[in-house]
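The structure appears right after this line, and notes come after that.
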Amino acid sequence: MHGRWTPNPKSQLKTLKDWLFRPDGGNGFLEGSEKLMWNDDDLRRYVCLADPGIETDPFTTFIRAVMSGVFHKLLGRRSKKRIIDEESGMVSYDDEAMMKASNAIVVVVASAVPVLTIFVLNSLQTTAQRIGFTVLFTSIFAALLSIFSSAKRAEIFAATATFAAVEVSTFEFPDCVNGPLADNLVCDVTVSHAERAAALVGAMTIDEKLANLVNASPGAPRLGLPAYEWWNEALHGVGYSPGVNFQDKGEFASATSFANPILLSAAFDDSLVHEIATVISTETRAFSNAGHAGLDYWTPNINPYRDPRWGRGMETPGEDPRRIKGYVKALLSGLEGDDPSKKKIIATCKHYAGNDIDRWEDVLRFNFSAVISLQDLVEYYLPPFQQCARDSRVGSIMCAYNAVNGTPACANTYLMQTVLRDHWGWNDENQYITSDCNAVGNFYADHHWVETAAEAAAKAYAAGTDTVCEVNMATDVIGAWNQSLLTEETIDRALNRLYHGLVRVGYFDPPDSSEYRSLTWEDVNTEHAQQLALQSAVDGIVLLKNDDAVLPLEYDANTSVAVIGHWAEAPVQLLGGYAGTAPYYITPRSVAAAIHNSTHYANGPIAQDLDADDTWSEKALEAANNADIVFYFGGLRMTIEREDRDRTSIGWPAAQLSLIQKLCALGKPCIVIQMGDQIDDAPLLENKNVSAILWAGYPGQAGGAAVFDILYGKSAPAGRLPVTQYPSSYTEEVPMTDMTLRPSEVSPGRTYKWYSDAVLPFGYGLHYTMFEVAFSFEPAVSYDIQGLIDGCQKDHLDLCPFDTISVSVENTGDVLSDFVALVFVNGTYGPSPHPLKELVGYHRFRGVEVGESREAEISLTLGDIARVDESGNTILYRGTYTLQVDVPAQHTVSFKLTGDDAMLDEWPQPPEDLGAEIE
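In full-length UniProt numbering, the protein residues as written are 1 to 919.
In structure tokens:
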């Protein structure tokens, strides 16, 4: 019996070459190391030059050569992939059978070691115990790596260093006073940031440099440089991630969790976004000062929400680039601060670019190539990143999993160098690019763009990626170096950018030199933060239906209410994606029980079909029959939509819709609170038994309180939909992979700019009162295009001012309320087809009293009214322009631009062979 392995050219070519070039020709016949594969003694003196296909590790070799008998007795007899020689009775096993056995063992060990390490480290109480255990398990990890893999010595060194860095998950600032780093210029605050970073990188050995090119950087103990984890999250509050360490209890066991971006964006208030971002960055710095988080954060997610099926839409500010730009500008100034020379934290705008598919049918974000025209790219997909890079000067950008027009985003020199660094001028020495996690490994594993991990690493760093997130050690930086695919100049460029970023955020500065180093647990979850968490949800909630003005409800503690649905008591779901641990979770059920003497609760279905076993209707109807008012809390949740899970349907889950219809048929006030992301509300809007509908998204830690504040009129709804609500049939009209925006024979178009059959349009939102809104200025009859440009003092013509418009609003109803004024432009100027309308500005009026009139000014730029041609150029076209305010429009004004068309931004053209590297 023997293991039968397919022959391999690479395994013996070096042996053959060495033997042939020996001066003495060798002392005997050349005998290959695979001689045991052959049964005939005469054949043992031959070398296998054909491909065995599999490069085996020592453990697999041991299984094959020594443990084949054990394999045969325990597993082989059950294997279908074996060959029995009828004459000799010899049993041969295909390599796949033994490889599966060894791989199964390796998977178990690979899973057990890190899990056991984390478990034990969390149970140890002292630093000495943690250090001792880290040393022990790091040694075990290195030994197992050499046994269970075919890794080379340098690869084992890098992996072990990374493992050690992950084990020591606490953050620490470098010791620039007593440690060895004190003698390095990086600790000298009197020299430039660039000199400080260069001094540190210059002191590193090549092995230290290579080890620190990934997210779990082990540092350089020889230099006194601590380990640093670059993967920290703070989408809507400090979030779980490898670099963030929440305690089990006590201090730093929680952080404020605000409404998800999609709901916060619905408030259309950039000052609120800025205020919340300031709190988030304050809490992150408090965490880092206590050793529980780093200084850079992979937020915000600014990919426009193009398709309603996308599982990560709730992470974004919505579908409109103009809205996202305003959100991003306010957010980044709150996160990073307004002093570019001394950042509060480093923010990371992601995912660059065209990243809005996760897992749809057989298409994965890891292997998808987004085919995008230059016109759509410049007009829709890139403006939020332009705001981040060119205008807000963000510290970091994350390149995406997907390819764009044939080239993986993290190797796309056109996007990362030509557009980002050259055209937008995002080339400060402290600005760096990180890959999404395993995005570089996907070059060969999923995109099949290169053949090896080493080639993938070389392509990524050469194109401008500066650090790689790897969760499965899929990036072979060391292999790229060993094969001379990666130069030290490229490595130094990346490290200088990374450490320059840390210099600028004060990582190497004395504690007393920064106001942020004094932040403590007392600055986390303050009363102000709690108030903002509530406001972030209240201000974004959108009233979608309110028949007979049933809302706001008159509060009476003795009114009996039924609180029904899977969202009624779902505390963790309130937070949405990329959350941390909240200090508290206010669910709808808990609020109802607190303010009513009689509350009846029943759970409900989530995503079940009508043919599922109905275990909920009886209890739900019983609760509703015993109540005066019925509240149904339902919709989508993270089990239906999330990262790595796109939707196949955008309608209400059938079982939920059926239950709502039964509950609302009882003849009582029946209010539906739609949580999660947008779904087709047409059946509920048309159902006269459904009294009212609120959309509350993923509202954060105070979500239940926010909803009941709206229901009982403590606050009045004024949010506006930041996305289009599509009919369920939309998913049958266009595949998710179609990135085009404009309507065509095969597509009805995308977003409010191009799609006209929405269930509810972008910007929709009802109020408890009535408002009249109008423009309170008269624009010039015409504007001379050249005159507008000649009067501009900006570096970028699209930022030049056009005009300041005034909008007036009057509360003509009987309820005090906020009001969001949305201003759009339309017209048939520029290339056809022409968009239906485009958002150019917005303003939230706060607390407009009954009978009160208010006025606000909205400044428009030339870029706000310009359009993009087929080559990606931004052009100010002559023609008639019409401004309209509100959804639907309440007032319009028109003006003309005269003279010659003017190019505001000449777009760099991609090379003709952009995707030619793919074979």
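Even glycine gets a Cβ: it sits at the ideal position worked out from N, Cα and C.
query = Which residue from Glu488, Ser484, Tyr461 and Thr487 puts its Cα closest to that of Thr475?
reply = Here residue 475 is taken as the residue at index 475 of the sequence shown, counted from 1. Nearest C-alpha to Thr475: Tyr461.
key: Residue range of the beta strand (DSSP E) that includes Cys349   = The residue given as residue 349 occupies position 349 in the sequence shown. Cys349 -> beta strand (DSSP E) spans Ile346 to Tyr352.
key: Limits of the unbroken alpha helix (DSSP H) element including Leu495   = As a working note, residue 495 is residue 495 in the sequence shown. First-last of the alpha helix (DSSP H) with Leu495: Glu488 to Arg504.
key: Inter-stretch contact at 8 Å, needing at least 3 Cβ pairs: the region 280–290 / the region 339–357   = yes
message = What does the Cβ neighbour count give for Tyr240, buried or exposed, with the cut at 16 atoms within 10 Å?
response = The count along the sequence shown starts at 1 and reaches residue 240 at position 240. Under this definition Tyr240 is an exposed residue.
key: Gly239 (DSSP reduced to helix, strand or coil)   = Here the question's residue 239 lines up with position 239 in the sequence shown. Looking at Gly239 - three-state DSSP - the assignment turns out to be strand.
ask   = Which whole-angstrom value describes the C-beta separation of Asp270 and Ala330, a residue pair presumed to lie in contact below a C-beta threshold of 8 Å?
value = If you number the sequence shown from 1, residue 270 lands on position 270. If you number the sequence shown from 1, residue 330 lands on position 330. Going by Cβ atoms, the distance from Asp270 to Ala330 rounds to 4 Å, so yes, they are a contact pair.
ask   = Looking at the structure shown, is Thr282 part of a helix, part of a strand, or coil, going by DSSP?
value = Residue 282 sits at position 282 when you count from the first residue of the sequence shown. In this structure, Thr282 counts as helix in the three-state DSSP scheme.
query = Contact between the region 704–718 and the region 536–546: three or more CB pairs below 8 Å?
reply = yes
ask   = Whole-angstrom Cβ separation of Ser782 and Phe895, contact assumed at under 8 Å?
value = The residue given as residue 782 occupies position 782 in the sequence shown. The residue given as residue 895 occupies position 895 in the sequence shown. Confirmed, about 7 Å.
inquiry  = Considering just the uninterrupted stretch of the alpha helix (DSSP H) at Thr828, what are its terminal residues?
reply    = Taking the sequence shown and counting its residues from 1, one reaches residue 828 at position 828. No alpha helix (DSSP H) holds Thr828; DSSP gives it neither H nor E.
ask   = Using a Cβ-Cβ distance under 7 Å, would Asp790 count as near chain B?
value = The structure shown contains no chain B, having only a single protein chain.
message = Taking 6 Å as the limit between beta carbons, can you name the residues of its chain near Gln890, skipping five residues before and five after?
response = What you label residue 890 is simply residue 890 of the sequence shown in a count that begins at 1. Val773, listed in sequence order.
key: Nearest candidate by alpha-carbon position, reference Gly700, set Leu210, Pro226, Gly237 and Gly395   = Position 700 of the sequence shown holds residue 700. Measuring from the Cα of Gly700, the nearest candidate turns out to be Gly237.
ask   = Can you name the start and end residues of the alpha helix (DSSP H) that Lys342 belongs to?
value = By one-based count along the sequence shown, residue 342 stands at place 342. Per DSSP, Lys342 belongs to no alpha helix (DSSP H) and is neither H nor E.
inquiry  = Using only the alpha-carbon positions, how far apart do Leu610 and Leu663 sit?
reply    = Here residue 610 corresponds to residue number 610 of the sequence shown, with the count starting at 1. Here residue 663 corresponds to residue number 663 of the sequence shown, with the count starting at 1. Using only the alpha carbons, I get a separation of about 16 Å.
request  = Give the range of the beta strand (DSSP E) segment to which Gln674 is assigned.
outcome  = Residue mapping note: residue 674 aligns to position 674 of the sequence shown, counting from 1. Element bounds for Gln674: Cys670 to Met675.
key: Same chain, Cβ closer than 6 Å to Phe368, neighbours up to 5 away in sequence not counted   = Reading the sequence shown from its first residue, position 368 is the one you call residue 368. Only Ile357 and Asn402 meet the Cβ criterion.
query = How many Å lie between His382 and Ala353 at the Cα?
reply = By one-based count along the sequence shown, residue 382 stands at place 382. By one-based count along the sequence shown, residue 353 stands at place 353. The amino acid at residue 382 is misidentified as His; the sequence shows Leu. Spanning the two alpha carbons is a distance of roughly 7 Å.
task = Within the same chain, show all residues whose beta-carbon is closer than 6 Å to that of Leu711, passing over the 5 residues directly before and after it, in chain order.
result = Taking the first residue of the sequence shown as position 1, residue 711 is located at position 711. The answer, listed in chain order, is Leu553.
ask   = Candidates Pro261, Leu136 and Phe287: which alpha carbon is nearest Val723's?
value = Against the sequence shown, residue 723 aligns to sequence position 723. That would be Pro261, whose Cα lies nearest to the Cα of Val723.
query = Among Asn245, Phe246, Lys837 and Arg309, which one has its Cα closest to the Cα of Asp864?
reply = Position 864 of the sequence shown holds residue 864. Nearest of Asn245, Phe246, Lys837 and Arg309 to Asp864, Cα basis: Lys837.
message = If distances are taken between C-alpha atoms only, which option among Ala457, Tyr877 and Leu374 comes closest to Cys469?
response = Taking the sequence shown and counting its residues from 1, the one referred to as residue 469 is at position 469. Checking every option, the nearest Cα to that of Cys469 belongs to Ala457.
key: Residue from Thr299, Ala227, Ser341 and Ser728 with nearest C-alpha to Cys388   = Working through the sequence shown from its first residue, we reach residue 388 at position 388. Among Thr299, Ala227, Ser341 and Ser728, the Cα nearest to that of Cys388 is on Thr299.
query = To the nearest angstrom, how far is it from the Cα of Gly219 to the Cα of Asn496?
reply = Taking the sequence shown and counting its residues from 1, the one referred to as residue 219 is at position 219. Taking the sequence shown and counting its residues from 1, the one referred to as residue 496 is at position 496. Each residue's alpha carbon lies about 14 Å from the other.
query = How many Å lie between Ile433 and Gln417 at the Cα?
reply = Reading the sequence shown from its first residue, position 433 is the one you call residue 433. Reading the sequence shown from its first residue, position 417 is the one you call residue 417. Cα-Cα distance, rounded: 11 Å.
ask   = Exposed or buried, what is Arg222 when buried is set at 16 or more other beta-carbons lying within 10 Å of its beta-carbon?
value = To locate residue 222, count along the sequence shown from 1; it is residue 222. It is exposed - the Cβ of Arg222 has fewer than 16 other Cβ atoms within 10 Å.
message = Since Asp790 and Pro727 should fall inside the 8 Å C-beta cutoff, what is the C-beta to C-beta distance between them, to a whole number of angstroms?
response = For this step, residue 790 is matched to residue 790 along the sequence shown. For this step, residue 727 is matched to residue 727 along the sequence shown. So it is not a contact: roughly 48 Å between Cβ atoms.
request  = Note down, in chain order, each residue of its chain lying with its Cβ closer than 7 Å to the Cβ of Gly604, except the 5 sequence neighbours on either side.
outcome  = Against the sequence shown, residue 604 aligns to sequence position 604. Excluding positions up to five away in sequence, the list reads Ile564, Gly565, His566, Trp616, Ala620, Gly634, Gln656 and Leu659.
key: Whole-angstrom distance between Thr581 and Glu912, CA atom to CA atom   = For the purposes of this step, residue 912 is identified with residue 912 of the sequence shown, where counting begins at 1. For the purposes of this step, residue 581 is identified with residue 581 of the sequence shown, where counting begins at 1. If I take the Cα positions, the gap works out to 49 Å.
task = Tell me, to the nearest whole angstrom, how far the beta carbon of Glu857 is from that of Ser817; I am working on the premise that it is less than 8 Å.
result = Translated into the one-based positions of the sequence shown, residue 857 becomes position 857. Translated into the one-based positions of the sequence shown, residue 817 becomes position 817. Glu857 to Ser817, Cβ: 21 Å. No contact.
query = Ordered along the chain, which non-local residues of its own chain (more than five positions away) have a Cβ less than 7 Å from that of Trp424?
reply = Taking the first residue of the sequence shown as position 1, residue 424 is located at position 424. Cβ neighbours of Trp424 beyond the five flanking positions: Gln386, Ala389 and Arg390.
message = Can you tell me whether Trp481 is helix, strand or coil according to DSSP?
response = By 1-based counting over the sequence shown, the position of residue 481 is 481. Looking at Trp481 - three-state DSSP - the assignment turns out to be helix.
message = On a Cα-Cα basis, can you pick out the residue from Ala194, Gly676, Ser265 and Val471 that is closest to Ile606?
response = For this step, residue 606 is matched to residue 606 along the sequence shown. Residue Gly676 is the option with its Cα nearest to Ile606.
request  = Throw me the rounded Cβ distance for the Lys668 and Ile629 pair, which I believe falls under 8 Å.
outcome  = The residue labelled residue 668 in the question sits at position 668 within the sequence shown. The residue labelled residue 629 in the question sits at position 629 within the sequence shown. 6 Å between Cβ atoms; contact.
ask   = Taking the continuous alpha helix (DSSP H) assigned at Asn625, which residues delimit it?
value = The count along the sequence shown starts at 1 and reaches residue 625 at position 625. Ser617 to Asn625 is the span of the alpha helix (DSSP H), which, as asked, contains Asn625.
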